[in-house]
Amino acid sequence: MPYGQLASLPILVNGVNYSWGNIVVALFKTPITQIISIDYKRKQSMENNYGAGNEPVSRGFGKVEYEGSIEIYQDLWQQIKAAAPSGDPFQFDPFDITMVLGGTRVLPKKVTLKFCQFMEDGFTAKTGDTSLTVKIPFVLAGVI
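Remember, our numbering sits 785 above the position in the sequence shown when you count from 1.
This is the structure in structure tokens:
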């Protein structure tokens, strides 16, 4: 898409944008409500190549990497671990996490994080906490 066409794309429908209240996240094909946050990142390594002199003569592109995390309530994490093979969340086969950004006044958009697997299992609690949550990093292999 040429850069000039970006300005003509319809960004908002009826003046409304996506918001947290319009996201539905499904883990193991089940919509979850005990989610605090989800994030993912796609990055590609890029590096200038040098020849004669001090200025770059070209650019090289390397691998594309993905990472993500999900923050959920501790009781949901305990349920997920109990459902895991041998109670170990690292033993799940790769799974997809789907997100639908939508609502009554926005165009729906589906995002699928492909081939996810949990990378950590931990717990933190401190005095004064009124809820217990856990942030779990996961590896993924694509975003569609």
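Even for Gly, the Cβ is constructed at its ideal location relative to N, Cα and C.
- Message: Quick check on W862: buried or exposed, where buried means 16 or more other Cβ atoms within 10 Å of its Cβ?
- Response: buried
- Do the stretch 881 to 892 and the stretch 809 to 828 make contact, defined as three or more Cβ pairs closer than 8 Å? yes
- Item | Whether Y803 touches V885 by CB criterion (7 Å) | no
- Query: Mind checking F903: buried by the 16 CB within 10 Å criterion, or exposed?
  - Reply: buried
- Query: How would you label T889, buried or exposed, when you count the other beta carbons within 10 angstroms and need 16 or more for buried?
  - Reply: exposed
- Nearest-angstrom Cα separation, counted from I921 out to T909: 12 Å
- Does DSSP put D881 in a helix, a strand or coil? strand
- Three-state secondary structure (DSSP) at N839? coil
- Message: Given a cut-off of 7 Å on the beta-carbon distance, is the pair Q859 and V919 in contact?
- Response: yes
- Query: Anyone know if the C-beta pair for G853 and F900 falls short of 7 Å?
  - Reply: no
- Does any residue of chain B bring its CB to less than 7 Å from the CB of K894? Any reference to chain B falls outside this structure, which holds one protein chain only.
- Query: With a Cβ-Cβ cutoff of 7 Å, do E856 and I808 count as a contact?
  - Reply: no
- Just to confirm, are Q876 and A869 a CB contact at a threshold of 7 Å? yes
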